[in-house]
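J.:
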Amino acid sequence: MHALSLHGAGLGLRREHVSGLRTGIPDAIDFFELAPENWLEMGGRRRRDLEAIAAQRPIVVHGLSLNLGGLAPLDVAFLKRVKRFLDQYEIELFTEHLSWCGDDGHLYDLLPIPFTSDAVHHVATRIRQTQNILERRIAIENASYYVAPSIAELSEQDFIRAVLDEADCDLHLDVNNVYVNAINHRYDPHAFIDAMPSARIVYLHVAGHYHEADDLIIDTHGAPVIDPVWSMLEYTYACKGKRPTLLERDFNIPPLADLLPEIERIRKLQSHAAKVGHAA
């Protein structure tokens, strides 16, 4: 596993919370995550806020628009801007979705990549190019999806493993996405987590979702984490070791104080995993 100094429980940095953070960052929050698209080359008060936060807590960058699975050429100019940002704020970890989101323009959605051997080679090449430009290993996140590509040659888990091996990159394991996909596509989420290579897992997400029907849930990041997802996180720590874990809340954003109990719950699960001997 690629060693990081990052540890503990984190929260997505939302502008709704920045004013409150000026008076002090709660001890429960060990790090923050942000989307570079929302913060690159920011000036004025926003830049000063980010500089103050970065001086107190590590930052993780989680991209939204790199389009790793797309056919259009990688946006090298964007990646160079990201690299400057990572260097400026001494950011160790950049992660991106294992999906595609652009064609002639940005599609503003994260769409599934066909699980084929050709797609493995295509995506792995783009990941290696990204790592060369950023001069860092990156981690790819397992994405939620709602229609399984009909031309699939591999299972989702085998596709992810093949990309990780060929690209020689790390895994950003989104536990909620595993649960969402397991319900929507009717597979065993525990078996999926078992199949993920422990040595490549560097980072985790948990989040809430929207229950549309018994066989359809939508990955919204707009609600509290439900008990089955907490159980999946505990299972992940037990079989893969504890990793830095972020609470995502991107919609229906409550006051910061309302999110702290969920962050504390992550920390308690991590502490329990360490006590029973499953720490990495």
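So the sequence shown is numbered by the working numbering: it starts at 142 and just counts up by one. We treat Cβ as the ideally placed atom computed from N, Cα and C, and that holds for glycine. Please read these numbers as outputs of a predicted model, since none were measured by experiment.
#1: Ignore the nearest five residues each way along the sequence and tell me which others in residue 370's own chain have a CB closer than 7 Å to its CB.
#2: Is there contact here, the stretch 190–203 with the stretch 154–171, by at least three beta-carbon pairs under 8 Å?
#3: Touch check for the stretch 320–337 and the stretch 279–298: three-plus C-beta pairs under 8 Å?
#4: In the DSSP output, which residue or residues are listed as bridge partners for residue 342?
#5: Mind listing, in chain order, the continuous alpha helix (DSSP H) runs of no fewer than 4 residues lying wholly within the stretch 187–254?
#6: Is DSSP giving residue 357 helix, strand or coil here?
#7: Pick out the complete alpha helix (DSSP H) segments inside the stretch 276–314, 4 residues or longer, and give them in chain order.
#8: Quick check on residue 264: does DSSP put it in helix, strand or coil?
#9: Report yes or no: do the stretch 154–163 and the stretch 332–349 share at least 3 C-beta pairs separated by less than 8 Å?
#10: What residue from 309, 256, 408 and 395 has the CA that sits closest to residue 298's CA?
#11: Does the stretch 403–410 come into contact with the stretch 380–393, if we say contact requires no fewer than three beta-carbon pairs (one atom in each stretch) closer than 8 Å?
#12: Please confirm whether residue 254 and residue 264 have their CB atoms less than 8 Å apart.
#13: Going by beta-carbon coordinates alone, are residue 171 and residue 198 separated by less than 8 Å?
#14: Express the C-alpha separation of residue 342 and residue 414 in angstroms, rounding to a whole number.
#15: Kindly list the residues whose CB is nearer than 6 Å to the CB of residue 269, restricted to its own chain and excluding five residues on each side of it in sequence; keep chain order.
#16: Do the CB positions of residue 274 and residue 239 come within less than 8 Å of each other?
#17: Would you mind stating whether residue 330 and residue 147 have Cβ atoms separated by less than 8 Å?
#18: Roughly how many angstroms separate the alpha carbons of residue 237 and residue 416, rounded to a whole number?
#19: To the nearest angstrom, how far is the alpha carbon of residue 353 from that of residue 326?
#20: Name the one or two DSSP bridge partners that residue 425 has.
#21: With burial defined as no fewer than 16 other Cβ atoms inside 10 Å of the residue's Cβ, what is the status of residue 303: buried or exposed?
#22: Considering only residues of the same chain and omitting the five flanking positions on each side of residue 247, which have a CB-CB separation below 7 Å?
#23: Give me the Cα-Cα distance between residue 291 and residue 210, rounded to the nearest whole angstrom.
#24: Output the boundary residues of the alpha helix (DSSP H) element that contains residue 333.
#25: Per DSSP, what kind of secondary structure is residue 350 in: helix, strand or coil?
#26: Just to confirm my understanding: we take residue 336, look at its own chain, exclude 5 residues before and 5 after, and list those with CB closer than 6 Å. What are they?
#27: Using a Cβ-Cβ cut-off of 8 Å (strictly less than) and excluding sequence neighbours within five positions of residue 258, which residues of its own chain qualify?
#28: Provide the residue span of the alpha helix (DSSP H) that contains residue 175, from first to last.
#29: What is the residue span of the alpha helix (DSSP H) that residue 399 lies within?
T.: Concretely, from the data shown:
#1: 316, 317, 320 and 347
#2: yes
#3: yes
#4: 312
#5: 217–229
#6: strand
#7: 297–308
#8: helix
#9: no
#10: 256
#11: yes
#12: yes
#13: yes
#14: 16 Å
#15: 308
#16: no
#17: no
#18: 32 Å
#19: 14 Å
#20: The structure shown does not extend to residue 425, since the chain is modelled only from 142 to 421, so the question has no answer here.
#21: buried
#22: In this prediction, residue 247 scores a pLDDT of 49, lower than 50, which makes its location untrustworthy; the coordinate-derived value is nonetheless stated afterwards. Correct list, in chain order: 206.
#23: 16 Å
#24: 330–336
#25: coil
#26: 298
#27: 294, 295 and 303
#28: From DSSP, residue 175 is part of no alpha helix (DSSP H) but of the beta strand (DSSP E) over 172–175.
#29: 397–416
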